[in-house]
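*Asks:* Residue numbering for the first sequence follows the numbering used here, starting at 381 and increasing by one per position.
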Amino acid sequence: MNKLLLIDGNSIMNRAFYGIPDMTTNDGRHTNAIYGFLNIILKVIEEEQATHICVAFDLKKKTFRHEMYEAYKGTRKGMPEELHEQMPRIKEILQAMHIRIVEQEGFEADDLIGTLSKKGEREGFAVTILSGDRDLLQLATDTVLVRIPKTKHGKTEVEDYYAKNVVETYGVTPLIFIDMKGLMGDTSDNIPGVPGIGEKTAAKLLAEYGDLDGVYAAVDSMKASKMKQNLIENKDLAYLSKTLATIKLDCPIPFEFSEATYNDPFNAEAYTLFEDLELKSFYKRFSVEKKEELTFETVLIDEIDGYNALLAKLQKAKEVSFAWITQDGEALGVAVCMDLEHVYLIRFMMFITEAMVADNLLALSRDYQVQLACMHVKKLLSFLNFHEEDAVFDAGLAAYLLQPNQSEYEYDTLAKVYLDVTLPSDKEMLGKEKLGYFSFEDEKVQKWMAYQAIVPYKIKSVLREKLKETGMESLYDEMELPCLYALYEMEKNGIRVDGEALHQYGKKLRTRIEELTAEIHAMAGEEFNINSPKKLGEILFEKLGLKNGKKTKTGYSTSAEVLEKLTNAHPIIPRILEYRQLTKLNSTYAEGLAGYIRADGRIHGKFHQTVTVTGRISSADPNLQNIPTRMPLGREIRKVFIPEEGSVFVDADYSQIELRVLAHMSGDAALIAAYQADEDIHAITASQVFDVPLDQVDSTLRRKAKAVNFGIVYGISSFGLGQDLDISRKEAEGYIEKYFATYGKVKEFLDRTVEDAKKNGYTVTMFGRRRPIPELASSNFMTRSFGERAAMNAPVQGTAADIIKIAMVRVNRRLKEEHLQSKLVLQIHDELIIETKKEEVEIVQKLLVEEMMHAAELSVPLLVDANVGNSWYDAK
DNA sequence: CGATTCACG
DNA sequence: ACGTACGTGAATCGG
């Protein structure tokens, strides 16, 4: 039997738009509704095994029913621009997929669907209707199925309704469902209904009196009530609502279903559209031949004569790009490119050794003035001994500066953004295949290797040009590129950790954790997983009946913030808080860090340079930038980080660098003066904001003022500040106003920053680093507000990040220039740690403080605190 | 694999 | 009216 699927295009697009978080293409076109729409309909098409499909859309022109409603209530909300722009695109896609689109001027999508559904039934189709709108339930019959997708926790579930299911759920037949809408209305569909009558009352009335006419025939005999009054007063409204809710079944349909067959949806034409919109998750459905968009020849070099001939050519080249091919830390070969027509794949072997090729590459830069380019220089440095001076172009790093909000910078993404060429990704090409000697003979792997050399070759000039255009060329050349070498050295150096001390620390924690576990289980009266917020919530708020439990999303919140308010409500609470703290310390730090200690007794974490949107460095595997310090017990962990014999740690950190940057960038005289006089900034702020003489500012007031200062840097909101200080939004509002009255230029600066960001689409740091903030253009209040706060924060956080990068680069240079044996080991945003030979302590400390202080000339001094110690704990 | 929680600046 | 502070990474749970 033929299956007809009728899709309510507008309502499904609408559902998808609000159900799927914002998604955009690289050039900023929104695709979330398109993505969600396609996911829903493809899922249903598959389930239904549909043979014929129609997707109905409203046309822009107002319909009769709109006009009736607007006559009643004035305006109707238009759709947000982000959704609006997706409508023509989804239609294009459907057309390309040979899926029938139905539109009629003067008719809404549901009228068309109603008509088509009847026509389909008459012609012997099994009809299914897919809509996000419950209005369509009136079309359900014994054979016509209405399906309504719901997004639950990110997953789409579909509710199915035949006539009998409508009766089960709403107590009325589909036809009477229209009368029900007339009584209860439907806010989402702009149907007013009778005031005071909701689902329950409407269902009761209709069960008793049959339909709307029945209700009004009997209305006079009802006993006096508010409801009766409402019914009588709003009779016209009820009938108007019914008319509004009634779907037409007699629209003109100028085509036959034979023109709506579902056939060959995943064709080449559709593929180019999917590609254009970067809807990658659908690519695998297409079996079309992907056309090769980069044409080149791969040449395998695996004997010495060929290699020598190639080398001679490379030495004469001006620009050479390369990709070091590795597997599990072992080098297999290198792909090299010096023109657009060829990629040479050099396979390491007996007579073409890794060491030899590495030396030759280095010599290209140093002896033959060849400009080298590749993808991720830092990753290569353990194989290739390049230095800062070699200035190897790093395509990933350049691309990061241009678009720091991307999640990765692999060859396929870069090719798409900068060459408008779609290449298969790592995953698509290799899957889980392990590379080896014979991979050089596998055509697919050859391509993959080649891409990584030819992409940087091709995009280098594009990236250079864009860096110039955006004023970020010197940022790239003088800050980011040199910084990469300092970061690599920190990774290589690692930091020494006393494994035995770490083990003892963990043991101490675990003893206490066991005690707490037993006590908590005893108090709860059962054994349960304390680590499961879900279980814990049930125990606390249901079994033990603790009140509050207010913060929810997918259950009760059991965050420390909530639990702390309940500390005195039950003795189990403080134990859970302690348990949480200890298990965190144990699993993340005691046990977590232990797993990273290498044979040299040191932890070699990674420092990522292309992760954060603001320009900061991030740390991972393990994260060495979040080692505890705020709580005494956690801080103890820092005792296990120790220098090697004969060395100490010299640790230096900036004092309030972000607020100082703010003082400078805003030019606020009061703030600048306070810093120039080396005043206690939080105390001064307290005195100003709370109208208290400076000598009467107590610790509580100072703490509050500190929160205000932090809030300013974070992009202040009265709600956020209120939350942090546990005061009312109103009160927080007062603090902020007082702050801005004191530091007027700061307000001007923040306002100007947001305004410029809205105009340009990005913010800029003192050193020209940009942060795009697409959220500022959103029509969604929440999203836009976030963008505004981010815009206030980014120049400040970003400039501070720039400054410490400059300091790192200079410190690292001086350590080398002055032939010191001390080495950088950690960077924690505003802090640098140098493992320092004892005989170098004085000079290193001086050098470190000097370079940090003078990394930037601001209108306020950059103060640096420095300490020396035999562990990280002691040096701070 | 997303949500929750929590460690840091 | 909308419901949040800015920027990260890791462990854990549960679908």
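All C-beta atoms in this analysis are idealised placements derived from N, C-alpha and C, irrespective of residue type, glycine included. All values derive from a computational prediction rather than experimental measurement.
Where do the ends of the alpha helix (DSSP H) carrying H756 lie?
*Replies:* In the first sequence, residue 756 corresponds to position 376, counting from 1. Neither: H756 is in no alpha helix (DSSP H) and is coded neither H nor E.
*Asks:* Could you tell me if T793 is buried or exposed, where buried requires 16 or more neighbouring beta carbons within 10 angstroms of its beta carbon?
*Replies:* Looking up residue 793 in the first sequence gives position 413. Buried is the call here.
*Asks:* Once DSSP output is grouped into helix, strand and coil, what is the label at H950?
*Replies:* Locating residue 950 in the first sequence gives position 570, counting from the first residue. If DSSP states are grouped into helix, strand and coil, H950 belongs with coil.
*Asks:* Since V1030 is in the beta strand (DSSP E), which residue starts that stretch and which ends it?
*Replies:* In the first sequence, residue 1030 corresponds to position 650, counting from 1. It spans 1027-1034 - the beta strand (DSSP E) in which V1030 sits, taken as one unbroken run.
*Asks:* Measure the C-alpha to C-alpha separation of F1161 and Y1123 and round it to an integer number of angstroms.
*Replies:* Within the first sequence, residue 1161 is the residue found at index 781, counting from 1. Within the first sequence, residue 1123 is the residue found at index 743, counting from 1. The straight-line gap from Cα to Cα measures roughly 27 Å.
*Asks:* Our contact map puts A1205 next to E1215 with C-beta atoms below 8 Å; I'd like the distance itself, whole angstroms only.
*Replies:* Within the first sequence, residue 1205 is the residue found at index 825, counting from 1. Within the first sequence, residue 1215 is the residue found at index 835, counting from 1. Reading off the sequence, residue 1205 comes out as Val, not Ala. Their Cβ separation, rounded to whole angstroms, is 5 Å, which keeps V1205 and E1215 in contact under 8 Å.
*Asks:* Does G713 come out as helix, strand or coil in the three-state DSSP assignment?
*Replies:* One-based indexing of the first sequence puts residue 713 at position 333. DSSP places G713 in strand when its eight states are reduced to three.
*Asks:* In whole angstroms, what separates the C-alpha of Y780 from that of M755?
*Replies:* To locate residue 780, count along the first sequence from 1; it is residue 400. To locate residue 755, count along the first sequence from 1; it is residue 375. For Y780 and M755, the distance between alpha carbons rounds to 11 Å.
*Asks:* Could you spell out where the beta strand (DSSP E) holding Q1207 opens and where it closes?
*Replies:* Numbered from 1 along the first sequence, position 827 holds the residue referred to as residue 1207. Start and end: 1203-1207.
*Asks:* Below 8 Å on the Cβ atoms is my contact criterion, and I expect L744 with V714 to pass it. Report the Cβ-Cβ distance as a whole number of Å.
*Replies:* Reading the first sequence from its first residue, position 364 is the one you call residue 744. Reading the first sequence from its first residue, position 334 is the one you call residue 714. Not quite, the Cβ-Cβ distance comes to about 12 Å (not below 8 Å), so this is no contact.
*Asks:* Please report how far the alpha carbon of L385 lies from the alpha carbon of R480, in whole angstroms.
*Replies:* Numbered from 1 along the first sequence, position 5 holds the residue referred to as residue 385. Numbered from 1 along the first sequence, position 100 holds the residue referred to as residue 480. Going by the C-alpha atoms only, they are around 11 Å apart.
*Asks:* Please classify L510 as buried or exposed, where buried requires at least 16 other C-beta atoms within 10 Å of its C-beta.
*Replies:* As a working mapping, residue 510 is identified with position 130 in the first sequence. Buried, by the Cβ-count rule.
*Asks:* Taking the alpha-carbon of A902 as reference, which of K914, L924, H478 has the nearest alpha-carbon?
*Replies:* Working through the first sequence from its first residue, we reach residue 902 at position 522. It is L924.
*Asks:* Taking the alpha-carbon of V993 as reference, which of R1083, L777, Q1036, K812 has the nearest alpha-carbon?
*Replies:* Numbered from its first residue, the first sequence carries residue 993 at position 613. When each option's Cα is compared against that of V993, the closest is L777.
*Asks:* Let's see if you can read the secondary structure: which residues bound the alpha helix (DSSP H) around V723?
*Replies:* Residue numbering aside, residue 723 sits at position 343 when the first sequence is read from its first letter. Note, V723: premise wrong, no alpha helix (DSSP H); beta strand (DSSP E) at 722-727.
*Asks:* Quick one: is R395 buried, meaning 16 or more other Cβ sit within 10 Å of its Cβ, or exposed?
*Replies:* By one-based count along the first sequence, residue 395 stands at place 15. Result: buried.
*Asks:* For G851, count neighbouring Cβ atoms within 10 angstroms of its own Cβ and tell me buried if that reaches 16, exposed if not.
*Replies:* Numbered from its first residue, the first sequence carries residue 851 at position 471. Label assigned to G851: exposed.
*Asks:* Hey, out of E1113, S1108, I953, A1180, whose CA is closest to I997's CA?
*Replies:* What you label residue 997 is simply residue 617 of the first sequence in a count that begins at 1. Nearest C-alpha to I997: A1180.
*Asks:* For R1109, I'd like the list of residues in its chain whose CB is within less than 7 Å of its CB, leaving aside the five on either flank, ordered along the chain.
*Replies:* Along the first sequence, one-based indexing puts residue 1109 at 729. For R1109, where only same-chain residues beyond five positions count, the Cβ hits under 7 Å are S1098, F1099, G1102.
*Asks:* Work out the CA separation of I571 and K1138 for me, nearest whole Å.
*Replies:* Here residue 1138 refers to the residue found at position 758 when the first sequence is read from its first residue. Here residue 571 refers to the residue found at position 191 when the first sequence is read from its first residue. When rounded, the distance between both Cα atoms is 37 Å.
*Asks:* Should T455 be labelled buried (16 or more other beta-carbon atoms within 10 Å of its own) or exposed?
*Replies:* Within the first sequence, numbered from 1, the residue matching residue 455 stands at position 75. Residue confidence is low: T455 scores 41 on pLDDT, short of 50, so the model does not pin down where it sits. No coordinate-derived value is stated.
*Asks:* If Q707 and K814 are in contact, beta carbons under 8 Å, what's the gap, nearest whole angstrom?
*Replies:* As a first step, residue 707 must be located in the first sequence, where it is residue number 327. As a first step, residue 814 must be located in the first sequence, where it is residue number 434. Confirmed, about 6 Å.
*Asks:* With respect to the beta strand (DSSP E) encompassing N1247, which residues constitute its N-terminal and C-terminal limits?
*Replies:* By 1-based counting over the first sequence, the position of residue 1247 is 867. It spans 1244-1249 - the beta strand (DSSP E) in which N1247 sits, taken as one unbroken run.
*Asks:* Between the region 869-885 and the region 735-754, can you find at least three pairs of beta-carbon atoms closer than 8 Å?
*Replies:* The region 735-754 vs the region 869-885: no contact.
*Asks:* Quick check: Y1253 and R1015, are their CB atoms within less than 8 Å of each other?
*Replies:* Taking the first residue of the first sequence as 1, we reach residue 1253 at position 873. Taking the first residue of the first sequence as 1, we reach residue 1015 at position 635. It is a contact, given that the beta carbons lie within the stated cut-off.
*Asks:* Take every Cβ of the region 631-638, pair it with every Cβ of the region 651-663, and state whether three or more of those distances are shorter than 8 Å.
*Replies:* Touching, no.
*Asks:* In chain order, what residues of the same chain have a beta carbon less than 7 Å from the beta carbon of K1127, not counting five sequence neighbours either side?
*Replies:* Translated into the one-based positions of the first sequence, residue 1127 becomes position 747. The answer, listed in chain order, is F1120.
*Asks:* In the DSSP assignment, what are the bridge partners of K530?
*Replies:* Counting from one through the first sequence, the residue named residue 530 turns up at place 150. E537.
*Asks:* Report the residue from G1095, H1209, E821 whose alpha carbon sits nearest the alpha carbon of E1166.
*Replies:* Start at 1 with the first residue of the first sequence, and residue 1166 comes out as number 786. Looking at the sequence itself, residue 1166 is Phe, so the reference to Glu does not match. Among G1095, H1209, E821, the Cα nearest to that of F1166 belongs to G1095.
*Asks:* Between S497, A1087, D593, E683, which lies nearest to D630 when the distance is taken from Cα to Cα?
*Replies:* By 1-based counting over the first sequence, the position of residue 630 is 250. Comparing Cα positions, the closest option is S497.
*Asks:* Is it right to say K812 is buried, meaning 16 or more other beta carbons lie within 10 angstroms of its own, or is it exposed?
*Replies:* For this step, residue 812 is matched to residue 432 along the first sequence. Result: exposed.
*Asks:* Is the distance from the Cβ of V524 to the Cβ of V546 below 8 Å?
*Replies:* The sequence position of residue 524 within the first sequence is 144, counting from 1. The sequence position of residue 546 within the first sequence is 166, counting from 1. No. Outside cutoff.
*Asks:* So D878 and V1020 are supposed to be a Cβ contact under 8 Å. How far apart are they, rounded?
*Replies:* As a position in the first sequence, residue 878 is number 498, starting the count at 1. As a position in the first sequence, residue 1020 is number 640, starting the count at 1. Right, the Cβ-Cβ distance comes to about 5 Å (below 8 Å), so this counts as a contact.
*Asks:* What is the DSSP secondary structure of I705, counted as helix, strand or coil?
*Replies:* The residue labelled residue 705 in the question sits at position 325 within the first sequence. Strand, per DSSP.
*Asks:* Which class does R960 belong to by DSSP, given the choice of helix, strand or coil?
*Replies:* As a working note, residue 960 is residue 580 in the first sequence. Of the three classes helix, strand and coil, the one that applies to R960 here is helix, per DSSP.
*Asks:* Name the DSSP beta bridge partners of S998, please?
*Replies:* In the first sequence, residue 998 corresponds to position 618, counting from 1. According to DSSP, which records beta bridges pairwise, S998 is partnered with H988.
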